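Per the numbering used here, residue 1 is the first one in the sequence shown, and the count goes up by one each step. Note that beta-carbon positions come from the ideal geometry of N, C-alpha and C, so glycine has one too. Small disclaimer: the values here were computed from a predicted structure and weren't measured.
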Amino acid sequence: MKKFRKVLDGLTTSSPGGTMGSPSSGSAAGTPTAAPTPKEIDIQETLVSENFQMCKTVRHGFPCQPTALAFDPVQKILAIGSRTGGVRILGRPGVDCYCQHESGSAVLQLQFLINEGALVTACADDTLHLWNLRQRRPAVLHSLKFNRERITFCHLPFQSKWLYVGTERGNTHIVNIESFILSGYVIMWNKAIELSTKTHPGPVVHLSDCPKDEGKLLIGFESGMIVQWDLRGKKADFRICYDEAIHSAGWHHEGKQFMCSHSDGSLSMWNLRNTTKPFQVTFPHGKIQKDGRKESCKPILKVEYKTSRSSEPFVIFSGGLSYDKAGRRPTLTIMHGKAITVLEMDYPIVEFMALCETPYNNEVQEPYAVVVLLEKDLIVVDLTQSNYPVFENPYPMDIHESPVTCTAYFADCPPDIIPILYSIGAKHKKTGYSQKEWPIAGGTWTLGSNTYPEIIITGHADGSIKFWDASAITLQMLYKLKTSKAFEKPKPVEGRAADLVEEDPFAVQMVSWCPQSRIFCVVGISAHIILYRFSKYDANTQITSLEVRLQCESEDVISPSDNENNPCFSESGSHSPQTHHHHPASPGSRTPEGNKDTIPCLKVKERMVRVPPGYQAELVIQLLWVDGEPPQQITSLDINSAYGLLAFGNCNGLAVVDYLQKTILLCMSTLDLYGAADPYQRLTRSPRRNRQSTSGLTELSDNQQSIDMERSKSPTSVKGPGRKLSLPTDLKTDLDHVNGHCTSPTSQLCSAGKPRVPMGPEGPRLTRRGPGRPPFRKAQSAACMEISLPVSHTEVGYTSRRAMLQQFHGVTMYSHDEHHSTPPYSWTEKESRENSFSRSRSSSVSSIDRDTKEAITTLQFGESYGRKNDALPNPCLWVGTSLGVVLVIPMSIPTDHEERMEEPVTMGPSGTVLMLKGSVLRFGFLDCMGSLIQSPYEVWRDLNGPEDPDRVRKRKLVHFSPSSSQDSCGEGHLAVVCSERQAKVILMPSQSVLFVHNITESSFVLRADVVSVSNSVCLACFCANGHIMTLSLPSLRPLMDVNYLPLTDMRIARTFCFTNGGQALYLSSPTEIQRITYSQEMCDNLQEMLGELFTPIETPEAQNRGFLKGFFGGNSHNFDREELFGEAAAGKASRSLAQHIPGQAGMEGMKVAASGVVGDLARARIALDERGQRLGELEDRTALMMSSAEVFSKHAHELMLKCKDKKWYQF
């Protein structure tokens, strides 16, 4: 609890410049300061540092770059290894666990200790790890690092504690799983091969024990040599030298024959009775040509040979197709008897594995399914049906179906929204799946006690939107929306123009969703906005199209003639809506110079269309080409269903649309929004037009570049085709375009067109585009963008990181750096130093740095005070810019339903200007009790529902007035404003800055949000240096600062988002979503929410082999590996060969890795203490009983002596 003294009345307010130079903002970084306090109120802040803790919760999606696969047939859980050292373990829906090797080395192979709750991983750094799966968070128990040999293959027999490890040198080592120590028993390659062999057999590619005799080990070498090693006799039973290289081998369950796959696309069958030659060689896909020769085939990379009681054996393999058929997709072939079925896959096959009924390799296998791990998908084929259907995958493995370009996260949604989205989405599900249950059904998972509705929305490069149910740390697809259906299909282009065809013109840049009203808004990369309404009924509708001319440039305001002819500019403070919307989209309209004009990038469907239930497009807003210049990308968006208004902005200015009346209310440049309250003196410039280029989600490619850009040289560079942006090693990344928001004031995120290249000898060349083409080459998804740390050197360099990013985004914006470096500005030297946070280490300001613009970076509708003398709150639009300027625009909205649909909404800039350091990122509003004020909204109503006389047709609005709960505190509310570097709490309407906190000096904030945590509110920030911070509200006290994730990838910047309940998410790889929490309460409940990987199950008993089979079938059951491989018989291995590393779970780290185990131990210790206490009490009672028994015995003896000589009649 803490009391804060707040200014409510009688305060003197200062100008914006004075505000920045006031003592409140002149404090040291990270030190909140308070204003004078003539009046006092009590705000009880309940949040403390103990309420926060960073923790990863769960990872969704397909494992990125998979490399290995394993399955436990008893526990029925699946493990997938990846190239980055990750391991995903999957069971029944809800059982999904992610583990990460600290080394980050690729996982080469996985081996389950079947029904033991443990997993062995072999990594590319030649280290074996043993994972304990008997806890909700698996941890490494042991590690064994090979120093002199490289691991190539591992094999662990069922119910054995000895792991066979094959190496690149051809040797086979044996590891004790319990102690993770090498045995002294080694099968050396020179002992395994023939003495007469003059060449090295190559690495070990296969190890397996004979089903008939566990004392026989089959070793396959890459060169084509196969050896069966007698483990007891320490000698080779037979050696096979085959002409073709071996890739894999598989046994018949009787142990009398085995099959090998080879590099020439053949399968060879071998009988142990005669190993001189294979008794069968087949080329499953090799046909005989006309000349009698077989056509050459691709290698068969893996084969599995599985038997069945009721039918012929299954031979399943990948590869083996003929080379002459170009363009053939990867295949999995299933040979069952004489039938050969070829299953074509969408992606290359990484690994596959047949799922069998029994874990014993000497029993009939009875395969019932095949798990196929592809590069970008996981499928399971049903082998019990002749047409081999696939099972419906219950995991969210298709997040990356189209690359993810943006994300949104909503916690504590209305409870009815998830069922209705699911019911509509279920109608469009695919059919043809196997009717059987998903076979990977291991583990246990129960719905947690404290769950609430959560929804994740992903936008994709193809224009699709996916709604996901994220409740209870699971993820399930609810509903899919295709935004491209609102537009006509782009016509194909041939010839030279085909090079300019955009691959992703509908890519989603940002989304805005009101769950209460179910209004949904999508911003696309082609400078378009689509507004959707939700309906449970299908309808015939015609999409309304609005076209906005928002191509204002700061040069235009210098020339009066330009100002008169530019329809984008209106008089400062003008309340009249613009009249230039509904432009005809005439592709032929041109300026005298031959450039395109008043043309949108896409063509909206003009005819009536039948739309299914769900989200139905109602309005499309498009920015137009102006004078041959493509529209610049939209950088900010907000929609309010109670007001019926939609606001958006870019680096040219701001536009507000009344979507109820389908009119444009406001279309103004950023300069005109200031009116007479402009805090900057703008530099006079020549009236030349600055050609611009598109960036944001777009890919770098070769187009025009300004001469100013070419003049600056630096080691840093921008790569083109590789889609990689190289930056200096201090990671000053200037990640300007993050989900469409300007997060850096020093570069231009919303520019249109492409980055320019230097003029060649043939002179300047202009890139012409068709009228229906957006100003970009290809949407670059958040999944694909990458920032690499090493500095690269190419021809063209830049003097500063700003210059580099300015080329990346095509045009520059204002930065405080220029303000301090240019004398005409009126700020004092002290103020200039205070606000100097230069991203460039350059000592001079180049011409391109002065060629600047100011972007609208964030917007927020809400009930507030537009002017200092306002007595009551009214609808306002808060506007934040890339210069750290905050403007408040009051609005007058008719309250009556009929008037609202007919009377115009009036609005105009009020001159209210506030200042912060860095681009403004986020607004939030609190009442004077410190509670969060929600934005007003309209209650959802279905406009397409059947006519019902009892149904209310009017709009039902819900308002949250700032003064509704302030009777005891007076009027007013608190505004929380967060920028890249600073956070402020401002008292409205007096506009007094109550608290200031300088969040960072060395980095900048990428994401910020006002969120609810533990029944209170705080400000959460994610910085470019990887720090996640929380600040109390309203005092802005630091509560948590964790160096969580260094920003090495633009993907994270684009997709990171906070939500209520102390949760956040980001795209950790192109195919995976990582959810995290910074709430201590959720960390405490996480163990309960996670699924159990291991469940106690009795191992199935081996079948009775019968007397004759047991007598004549070998002595496999008499094989004692401990006697053979133990230290007593085999001795110790060389210490230099491998190094044992104790894992976290075996040491103190066990407390961190498995907190549940600690609790169990504590409870066990308490129980032991109680038991000891009870035993002590029992001992005391026993002693008392013994003394009582002695007394009784004594008295009985005395009585016996007394009565011994008496006759019976004397009694």
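query	result
Quick check on this structure: which residue in C601, V611 and P284 has the alpha carbon closest to the alpha carbon of L623?	C601
Using the rule of at least 16 other Cβ atoms within 10 Å of the residue's Cβ for burial, across every protein chain shown, is G220 buried or exposed?	buried
Beta-carbon separation of A1138 and L182 under 8 Å?	yes
Terminal residues of the continuous alpha helix (DSSP H) containing F1094?	Careful: F1094 lies outside any alpha helix (DSSP H) and carries neither H nor E.
Provide the residue span of the beta strand (DSSP E) that contains S979, from first to last.	H973 to S979
Taking DSSP as the reference, what is the three-state secondary structure of L933?	Strictly speaking, residue 933 in this sequence is Ile, with Leu absent from that position. The answer is coil: DSSP assigns I933 none of H, G, I, E or B.
Does the Cβ of A426 have 16 or more other Cβ atoms within 10 Å, making it buried, or fewer, making it exposed?	exposed
According to DSSP, A1138 sits in a beta bridge with which residue or residues?	F146
Please identify the residue among Q509, V626 and F534 whose C-alpha is closest to the C-alpha of L637.	Q509
Going by DSSP, what residue range makes up the alpha helix (DSSP H) through W189?	W189 to A192
Pull up the distance between the alpha-carbon of E454 and that of D469, whole angstroms please.	6 Å
Could you pull out every residue in the same chain whose Cβ sits closer than 6 Å to the Cβ of K306, ignoring the five residues on either side in sequence?	F314, A354, Q365 and P367
I'd like to know whether the C-beta atoms of A118 and L108 end up nearer to each other than 8 Å.	no
Tell me, to the nearest whole angstrom, how far the beta carbon of N650 is from that of L550; I am working on the premise that it is less than 8 Å.	7 Å
Around the Cβ of A1008, are there at least 16 other Cβ atoms within 10 angstroms (buried) or fewer (exposed)?	buried
Count Cβ pairs between the segment 1030 to 1037 and the segment 977 to 985 that sit closer than 8 Å; are there 3 or more?	yes
What's the call for I334, buried or exposed, on a 16-neighbour Cβ count within 10 Å?	buried
So, at 6 Å on beta carbons, what are the nonlocal neighbours of N540 in its own chain, with the 5 sequence-adjacent residues on each side left out?	M608 and R610
Identify, in the order they occur along the chain, each residue of the same chain with its Cβ nearer than 8 Å to the Cβ of L1067, setting aside the five sequence neighbours on each side.	V404, T407, A782, A783, R1051, I1052, R1054, T1055, I1073 and Q1074
Do P66 and L373 have their C-beta atoms within less than 8 Å of each other?	yes
Pairing CB atoms from the segment 893 to 901 with CB atoms from the segment 917 to 924, are three or more of them under 8 Å?	no
Whether or not the segment 510 to 524 and the segment 86 to 101 are in contact is what I'm after, with contact meaning three or more pairs of Cβ atoms, one per stretch, closer than 8 Å; do they touch?	no
Ends of the alpha helix (DSSP H) at T670?	T670 to Y674
Mark V120 as exposed unless 16 or more other C-beta atoms lie within 10 angstroms of its C-beta, in which case mark it buried.	buried
Which residues in the same chain have their Cβ closer than 6 Å to the Cβ of W878, if we skip the five residues on either side of it in sequence?	Q860, V888 and F923
What separation, rounded to the nearest whole angstrom, lies between the Cα atoms of Y537 and P946?	9 Å
For D209, list the residues DSSP reports as bridge partners.	L217
If distances are taken between C-alpha atoms only, which option among I417, V350, K436 and C413 comes closest to P389?	K436
Looking at C-alpha atoms only, which residue of M269, G224 and V186 is the closest neighbour of G233?	V186
Since G1212 is in the alpha helix (DSSP H), which residue starts that stretch and which ends it?	Residue 1212 is absent from the model: the chain starts at 1 and stops at 1211.
Are H285 and S248 close, meaning C-beta to C-beta below 8 Å?	no
Where do the N-terminal and C-terminal ends of the alpha helix (DSSP H) with T1055 fall, by residue?	M1050 to T1055
Looking at the C-beta of H173, does it have a partner C-beta in chain C at a distance below 8 Å?	Given the protein chain composition of this structure (a single chain), no chain C is represented.
Among the residues of its own chain, which have a CB less than 6 Å from the CB of G91, if the five just before and after it don't count?	I77, G442 and G443
Is T431 buried or exposed, if buried means 16 or more other CB atoms sit within 10 Å of its CB?	exposed
Mind checking which residues open and close the beta strand (DSSP E) that includes E454?	E454 to H460
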